[in-house]
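With numbering that gives the first Met the number 0, the residue at position 56 of the sequence shown is 55, and numbering never jumps.
Structure first, then comments.
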Amino acid sequence: MAGAAFLIRDAQLPGNKITIFEELGLPGGSMDGILDEHKGVIIRGGREMEAHFEALRDLFKSIPSLAIDNASVLDEMYWLHKTNPSSNPATGLTAREDEHADAAALQVAASACLNLRASA
Numbered sequence: 000m001a002g003a004a005f006l007i008r009d010a011q012l013p014g015n016k017i018t019i020f021e022e023l024g025l026p027g028g029s030m031d032g033i034l035d036e037h038k039g040v041i042i043r044g045g046r047e048m049e050a051h052f053e054a055l056r057d058l059f060k061s062i063p064s065l066a067i068d069n070a071s072v073l074d075e076m077y078w079l080h081k082t083n084p085s086s087n088p089a090t091g092l093t094a095r096e097d098e099h100a101d102a103a104a105l106q107v108a109a110s111a112c113l114n115l116r117a118s119a
């Protein structure tokens with residue numbers, strides 16, 4: 000879907016000339032989104048819009064808001080995160096898959112976290 004948005008924006012290709020095929024059973028593609036039948040395509044995981052998500056930020060900046068005049072989807076994301084900040088203290092799951100592990104119980108040393116972040 001992000002590829003289609005870039006084709007429309009950058010190549011001026013009409014949307015009716017684009018067909019999207021999804022290989023995975025879960026729609027969303029490389030920009031890590033999910034299709035919710037009531038909300039449309041959303042970014043999964045409660046992800047913060049960090050500065051290094053440059054391609055996603057660039058794309059959202061170029062898409063006009065449907066709800067607010069003279070605003071972009073990126074503007075809406077910024078305002079949402081200012082009024083309703085999100086965080087994800089634990090990314091690990093327990094064996095039951097429906098419960099998040101306690102971040103402290105993961106026992107990952109601060110130096111290991113820094114090493115992982117530096118290698119990403």
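Glycine residues also receive a C-beta, built at the ideal position from the N, C-alpha and C atoms.
Taking 7 Å as the cut-off, is the beta-carbon of residue i closer than that to any non-hydrogen atom of the ligand FMN?
| i | result |
| --- | --- |
| D9 | Absence of the ligand FMN is noted for the structure shown, with no ligands found whatsoever. |
According to DSSP, is residue i helix, strand or coil?
| i | result |
| --- | --- |
| D68 | coil |
| G44 | Note on G44: pLDDT 49, under 50, position unreliable in the model; no value is reported. |
Just reading off the alpha helix (DSSP H) that residue i is part of, what are its end residues?
| i | result |
| --- | --- |
| L12 | No alpha helix (DSSP H) contains L12, which DSSP labels as neither H nor E. |
| F20 | Careful: F20 lies outside any alpha helix (DSSP H) and carries neither H nor E. |
| E53 | 53–61 |
Assuming residue i contacts residue j (C-beta within less than 8 Å), just tell me the rounded distance between them.
| i | j | result |
| --- | --- | --- |
| L79 | F5 | About 23 Å separates the two Cβ atoms, so there is no contact after all. |
For the candidate residues the options, whose alpha-carbon lies nearest to that of residue i?
| i | options | result |
| --- | --- | --- |
| N15 | A3, E22, E21, D9 | A3 |
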